[in-house]
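Chemist:
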Amino acid sequence: MTAEQLAQAVAEAMWAQDRASQALGMQLEAVGPGTARLSMPIRADMLNGFALCHGGLIGTLADSAFAFACNSGNALTVASGYAIDIVAGAREGDVLTAHAQRKAATGRTGLYDVQVRNQRDELIAEFRGRAYRLKDRRVVPELPVSGD
Numbered sequence: 001m002t003a004e005q006l007a008q009a010v011a012e013a014m015w016a017q018d019r020a021s022q023a024l025g026m027q028l029e030a031v032g033p034g035t036a037r038l039s040m041p042i043r044a045d046m047l048n049g050f051a052l053c054h055g056g057l058i059g060t061l062a063d064s065a066f067a068f069a070c071n072s073g074n075a076l077t078v079a080s081g082y083a084i085d086i087v088a089g090a091r092e093g094d095v096l097t098a099h100a101q102r103k104a105a106t107g108r109t110g111l112y113d114v115q116v117r118n119q120r121d122e123l124i125a126e127f128r129g130r131a132y133r134l135k136d137r138r139v140v141p142e143l144p145v146s147g148d
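Okay, so the sequence shown: first residue is 1 according to the working numbering, each after it adds one.
#1: Quick one: what's D85 bridged to in DSSP?
#2: Could you please give the first and the last residue of the uninterrupted beta strand (DSSP E) stretch that includes E29?
#3: Taking a contact to mean a Cβ-Cβ separation below 8 Å, would you say S72 touches G107 in this structure?
#4: Where does the unbroken alpha helix (DSSP H) through Q115 begin, and where does it stop?
#5: Determine, using beta-carbon pairs with one atom in the region 7-22 and one in the region 88-105, whether at least three such pairs fall under 8 Å.
#6: Determine the direct distance from the alpha carbon of Y112 to that of G81, and round the result to whole angstroms.
#7: Please confirm whether A69 and Q101 have their CB atoms less than 8 Å apart.
#8: Going straight from the alpha carbon of D18 to that of M40, what length do you get?
#9: In its own chain, which residues sit with a C-beta less than 6 Å from the C-beta of L57, not counting the 5 before and 5 after it?
#10: Using only alpha-carbon positions, find the residue among T77, Q119 and T97 that is nearest to R138.
#11: Does the distance from the C-beta atom of A226 to that of G129 stay below 8 Å?
#12: Pick helix, strand or coil for T60, following the three-state DSSP scheme.
#13: Does DSSP put V95 in a helix, in a strand, or in coil?
#14: Would a C-beta distance cut-off of 8 Å place V145 and A62 closer than the cut-off?
#15: Alpha carbon to alpha carbon, what distance is there between L52 and R37?
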């Protein structure tokens, strides 16, 4: 099994159980070793009192992309923290895309950057996530861990 095939198999298993991302209308567009891309259309029920997408939902999209990227090697990995800077608003009808990429991985920790952009390729948010790999745990028990 290649690293790309493993990432895809893990993503499919995660997606099947990810009711939160599905409920928000997210789509898993692509996944690979240390990377993932998800999109989310902005609906009326996602708007705050200023008719802008609630910032927490932008963060949720970025966090979901982060989760798929950091678990792509099948080693069960959780967030130990993150920071997000929202630089522009999103409105109803916009489609946001979050692209997550691993920047560093050492031992059981990792660092991931996620850019969230709209359908016009305008930057909406920058997210930096810190990941922690749990010892001897797999996302899909019957699949190998990348590097096994």
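Note that the Cβ used here is the ideal one computed from N, Cα and C, for glycine as well.
Modeler: Reading from the atomic positions:
#1: Your numbering for residue 85 matches position 85 in the sequence shown. Its beta-bridge partners are E126.
#2: Within the sequence shown, residue 29 is the residue found at index 29, counting from 1. E29 -> beta strand (DSSP E) spans Q27 to G32.
#3: Along the sequence shown, read from residue 1 onward, the residue named residue 72 stands at position 72. Along the sequence shown, read from residue 1 onward, the residue named residue 107 stands at position 107. No, the pair does not count as a contact, with Cβ atoms beyond the cut-off.
#4: Counted from its first residue, the sequence shown places residue 115 at position 115. Where Q115 is concerned, there is no enclosing alpha helix (DSSP H), although the beta strand (DSSP E) it sits in stretches over T109 to R117.
#5: Cβ pair count under 8 Å is below three, so no.
#6: Within the sequence shown, numbered from 1, the residue matching residue 81 stands at position 81. Within the sequence shown, numbered from 1, the residue matching residue 112 stands at position 112. G81 and Y112: Cα-Cα distance of roughly 11 Å.
#7: To locate residue 69, count along the sequence shown from 1; it is residue 69. To locate residue 101, count along the sequence shown from 1; it is residue 101. In contact: A69 and Q101 (Cβ atoms closer than 8 Å).
#8: Within the sequence shown, numbered from 1, the residue matching residue 18 stands at position 18. Within the sequence shown, numbered from 1, the residue matching residue 40 stands at position 40. Spanning the alpha carbons of D18 and M40 requires a straight line of approximately 14 Å.
#9: Against the sequence shown, residue 57 aligns to sequence position 57. Here the set comprises M46.
#10: For this step, residue 138 is matched to residue 138 along the sequence shown. Closest by alpha carbon: T77.
#11: This structure leaves residue 226 out entirely; the chain is present only between 1 and 148.
#12: Against the sequence shown, residue 60 aligns to sequence position 60. Reduced to three states, the DSSP call for T60 is helix.
#13: Position 95 of the sequence shown, counting from 1, holds the residue named residue 95. Correct three-state label for V95: strand.
#14: Along the sequence shown, one-based indexing puts residue 145 at 145. Along the sequence shown, one-based indexing puts residue 62 at 62. Contact flag unset, no.
#15: Mapped onto the sequence shown, residue 37 falls at position 37. Mapped onto the sequence shown, residue 52 falls at position 52. So the alpha carbons of these two residues sit roughly 22 Å apart.
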